[in-house]
Amino acid sequence: MDSSSYLSNLSTNELVERFKEATFKGRPPRELMEELAKRPGVAFIQATDTSEVTLEKARTAIQQVESVDR
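Take the sequence shown: its letter number 36 is residue 36 in full-length UniProt numbering, and every next letter is one higher.
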């Protein structure tokens, strides 16, 4: 089983925990970030994003969660 299929079997909460751990050690693996980006309600906010971009990412994540809950 490759790492991407392994990651796809983890819950979003488990992925977030792995992301936190990897961030403390440096940069998270690309596969982990790609899998997290597929999950509803997850938005990557960059320190260089403007407030408008940050709000748009947050709105999109909220809309994804709301559409899954329906």
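We put the CB at the ideal spot given by N, CA and C, even for glycine.
For residue i, count the other beta carbons within 10 Å of its own beta carbon; 16 or more makes it buried, fewer makes it exposed. Which is it?
i: E52; result: exposed
i: L55; result: exposed
Check this for me: beta carbons of residue i and residue j, under 7 angstroms apart or not?
i: L36; j: L15; result: yes
i: T12; j: R39; result: yes
i: K57; j: A43; result: yes
i: Q63; j: G41; result: no
i: F19; j: P29; result: no
Does residue i come out as helix, strand or coil in the three-state DSSP assignment?
i: S51; result: helix
i: L10; result: coil
i: A37; result: helix
i: A22; result: helix
i: R27; result: coil
i: A43; result: coil
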